[in-house]
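>
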Amino acid sequence: MTNGQRQSPLELTIGVVGSHDLVERIMLSPAPAPGPHRATPGLPGTDLAPAGFPPGPGLARRLVAAAYRSEQEAGDKVLRLGPGIDAWLFASQAPYTYARRAGVLHGPATCVPLGGSALYAALLRGCLDGGYDLARLSVDTLSRAEVDDAFADLGMASSNVHVREDPGAAATLAAFHERLWRRRQTTVAITCLESVAQRLTALEIPVLMVQPTRSAIQTALRTATLLAAQRRLEDSQLAVAVVEVPTLREASRRPASRQSGEELRLTIHRLLVQEAQRIRATVSPAGECCFLVTATRGSLSAATDGFRIPPFTERARSELGITVEVGPGRGGARPRRAGPLPRRPRRPQVRPRPGGTCGTSRPPRARPGPYHQPEGTGHAVSPGRQALGG
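Counting from 181, one number per residue, gives the positions in the sequence shown under our numbering.
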């Protein structure tokens, strides 16, 4: 790059889903300014830059808000923002769980953790402002492990603390707290949902809200940014698909039909070029009956529904009445006939533990690139000998 030229920043788009007040807090959360203490300048608000991205201010982060009225609307908000989101950040565990169960997350996602500092802050408010007996509580959404760890750090027993880990409707969670309070088993309710807190306040039941702290929001933003950068890096990997036409192979063996075979070859080439332009790919001949389609992993994944549906085959069958075999470039391995794809090994995922521990997740479609180079060979292969065309 010559002097005077400036590299355009790579902008990562992060969808923020939550209630109006929490989304506003996340959107207004400032990114920590880079300083001399940062060992590897890179992503805003983090000390680590993903491999493959240059250090420096080349990465920009854009937050897109999607506020809801109730946690059950989280899946609809994800669908409304569409596929232009690189990673999702949910304001708490509850909307993250609803969106994951709805099956609408087709990209990496995480949420703001409400255990740790957020739970400690709520317990401190209950001790200072209300003077409640912290050994007799009811807690929703958080996991039993998070509650036990917090009380262990405080040197208190948690045997009389009632925890409901599974997320639920506001009325269901409010009934859980109300039943325990009226039986005098608890002195105060701790909830992670504003709708539950409003119901309990109307019933004159003492309640404490678990609100994310600034440090928890910053940590979640850094995690979402790293997930978005990793997904963008995966989508930019190079992918090659081999398209083989058995009809052309048979025509090349019969001298009398070579002229008609050449006409068919040009027709198929034109069809592949039209389809390749749609996914921003290139097509090049590779022999008498083969073509190579070169694209990025992201564009090829979008055209094949996450490498589940072979491309080009349906149009070739409907318009030309021929069968096209499609597979990844694997150093001389012939493509398979189009059909149902065998299952591919999925990469390990970090899922939230049952009951509300918020982690990060990568959806089933967010797999590594379809081609890699094994040691000691000169051929490109796909994981699990997977072919695009079944």
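Glycine is no exception: its CB is placed at the ideal position from the N, C-alpha and C atoms.
(1) Less than 8 Å between C-beta atoms, sequence neighbours within five positions excluded: which residues of the same chain meet that for residue 192?
(2) Give the range of the beta strand (DSSP E) segment to which residue 271 is assigned.
(3) Could you check which residue in 248, 458, 257 and 449 has the C-alpha nearest to that of residue 283?
(4) Could you tell me which of 341, 312, 377 and 311 sits nearest to residue 323, measuring between CA atoms?
(5) How long is the line joining the alpha carbons of residue 384 and residue 357, rounded to whole angstroms?
(6) Under three-state DSSP, which class holds residue 172?
(7) Under the assumption that residue 298 contacts residue 210 (Cβ atoms under 8 Å), give the Cβ distance between them as a whole number of angstroms.
(8) How big is the Cα-Cα spacing for residue 264 and residue 244?
(9) Taking the alpha-carbon positions, what's the residue 463 to residue 483 distance?
(10) By a C-beta neighbour count over all protein chains shown, 10 Å radius and 16 as the cutoff for buried, is residue 450 buried or exposed?
(11) Confirm, please, whether the CB-CB distance from residue 494 to residue 424 is below 7 Å.
(12) Under the rule that 16 or more other beta-carbon atoms within 10 Å means buried, what is residue 528, buried or exposed?
(13) Compute the distance between the beta-carbons of residue 355 and residue 375, then report whether it is under 7 Å.
(14) In this structure, does DSSP put residue 190 in helix, strand or coil?
(15) Can we say the stretch 301-320 touches the stretch 366-375, given the rule of at least three CB pairs closer than 8 Å?
(16) Counting pairs of Cβ atoms below 8 Å between the stretch 270-290 and the stretch 327-347, do you hit three or more?
(17) Using the beta-carbon count (16 or more within 10 Å), is residue 287 buried or exposed?
(18) Quick check on this structure: which residue in 448, 417 and 207 has the alpha carbon closest to the alpha carbon of residue 499?
(19) Can you give, in chain order, each stretch of the beta strand (DSSP E) that sits fully within the stretch 388-468 and has at least 3 residues?
(20) Express the C-alpha separation of residue 441 and residue 259 in angstroms, rounding to a whole number.
(21) Could you tell me the distance, in whole angstroms, from the CA atom of residue 433 to the CA atom of residue 427?
(22) Rounded to whole angstroms, what is the Cα-Cα separation between residue 254 and residue 199?
(23) How many whole angstroms separate the CB atoms of residue 422 and residue 470, which I take to be in contact at a CB cut-off of 8 Å?
(24) Any idea if residue 262 is buried or exposed, counting beta-carbon neighbours within 10 angstroms, 16 or more meaning buried?
(25) Are the CB atoms of residue 415 and residue 477 within a distance shorter than 7 Å?
(26) Under 6 Å Cβ to Cβ from residue 196, same chain only, skipping five residues before and after it: list those, please.
(27) Quick one, are the C-beta atoms of residue 292 and residue 377 less than 7 Å apart?
(28) Is it true that the CB of residue 487 sits closer than 7 Å to the CB of residue 479?
(29) Whose C-alpha, out of 472, 474, 501 and 508, is nearest the C-alpha of residue 489?
(30) In this structure, does DSSP put residue 483 in helix, strand or coil?
(31) Quick one: is residue 272 buried, meaning 16 or more other Cβ sit within 10 Å of its Cβ, or exposed?
(32) To the nearest angstrom, how far is the alpha carbon of residue 429 from that of residue 475?
(33) With which residues is residue 507 paired in a DSSP beta bridge?
(34) When the Cα of residue 336 is compared with those of 353, 309, 359 and 300, which residue comes out closest?
(35) Helix, strand or coil: which one does DSSP assign to residue 381?
(36) I'd like the list of long-range same chain contacts for residue 247, defined as Cβ closer than 6 Å, with 5 residues on each side in sequence excluded.
Taking the structure as given:
(1) 239, 240, 241, 242, 266, 267, 405, 408, 409 and 412
(2) Membership of residue 271 in any beta strand (DSSP E) is not indicated, and neither H nor E is assigned to it by DSSP.
(3) 257
(4) 341
(5) 12 Å
(6) Here the chain comprises residues numbered 181 to 570, so residue 172 is not present and cannot be evaluated.
(7) That pair is no contact at about 19 Å.
(8) 10 Å
(9) 15 Å
(10) exposed
(11) no
(12) Residue confidence for residue 528 is low, a pLDDT of 43 falling below 50, so the modelled location carries little weight and cannot support an answer.
(13) no
(14) strand
(15) yes
(16) Taking one beta carbon from each stretch, the stretch 270-290 and the stretch 327-347 have 3 or more pairs nearer than 8 Å; the two touch.
(17) buried
(18) 448
(19) 418-424 and 462-465
(20) 46 Å
(21) 10 Å
(22) Distance between the alpha carbons of residue 254 and residue 199: 10 Å.
(23) The Cβ separation is near 6 Å, so the contact holds.
(24) exposed
(25) yes
(26) 203, 206, 243, 245 and 269
(27) No, the Cβ-Cβ distance between residue 292 and residue 377 is not below 7 Å.
(28) no
(29) 508
(30) helix
(31) buried
(32) 25 Å
(33) Beta bridge pairing from DSSP links residue 507 with 422.
(34) Nearest Cα to residue 336 within the set 353, 309, 359 and 300: 300.
(35) helix
(36) 200 and 203
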